[in-house]
Ligand code: URA
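Numbering (our numbering), first residue to last: 22 to 212.
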């Protein structure tokens, strides 16, 4: 299956109650041969309106972070763990993440990136479990590079803070910029 076929199915998805509240699902976007897959949490208000990932304030900061790493949006695949906006931007429920996760698994299997960067703790938790890595707090492991060697995939995983966290806490912004500078070096040397 191709990414656009998966996206079409996501547009018709009713696997969880979030479909009742959405304006548009946000399947994610980017090339199928992207080396880097960035995965956030769930669409917010502007994403729900446009059907595109990270187009609000957090998205603007994400663009800055990408440019620190020498990347453009068109180079990477950007998606979310949950494809429909939770009402009032509340945290996604475990049941919603579970219902939605087959879509992300399918996208991952098509792209087979070299590097996965999670944005925020929900996405981090998803990939720590997927890659059979021990569960940790994001404050302990943000910015660290994990080498993943499983039967199904070999690559790298880097959990990052969610870009929206920088909008609320100034010190997190500095930490994020620093993490992305380190990621830039890693990308230059290893990808
Ligand atoms: N926050 C996310 O996690 N994803 C988006 O697409 C937008 C904001």
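Heads up, the beta-carbon is just placed ideally off N, CA and C, and yes, glycines get one too.
Pairing residue 72 with residue 110 gives a Cβ-Cβ distance that is not under 7 Å. For a cut-off of 8 Å, the C-beta gap from residue 127 to residue 203 is around 31 Å, too long to register as a contact. With fewer than 16 neighbouring CB atoms inside 10 Å of its own CB, residue 95 falls in the exposed class.
Residue 49 holds the alpha-carbon nearest to the alpha-carbon of residue 60 among 67, 49, 205. Bridge partners of residue 50 according to DSSP: 99.
Taking C-alpha positions only, residue 67 is separated from residue 46 by approximately 12 Å. Judged by DSSP secondary structure, residue 84 falls within the alpha helix (DSSP H) whose first and last residues are 78–89.
The segment 117–134 and the segment 82–95 do not touch, with fewer than three beta-carbon pairs separated by less than 8 Å. Here residue 166 carries a coil assignment [DSSP, helix/strand/coil]. Given a length threshold of 3 residues, each whole run of the beta strand (DSSP E) inside the segment 108–184 is given here in chain order: 136–140, 167–170, 175–181.
Annotated three-state conformation of residue 72 is coil, per DSSP. In this structure, the alpha-carbon of residue 146 lies about 20 Å from that of residue 39. Closest by C-alpha distance to residue 55, out of 153, 69, 93, 104, is 93.
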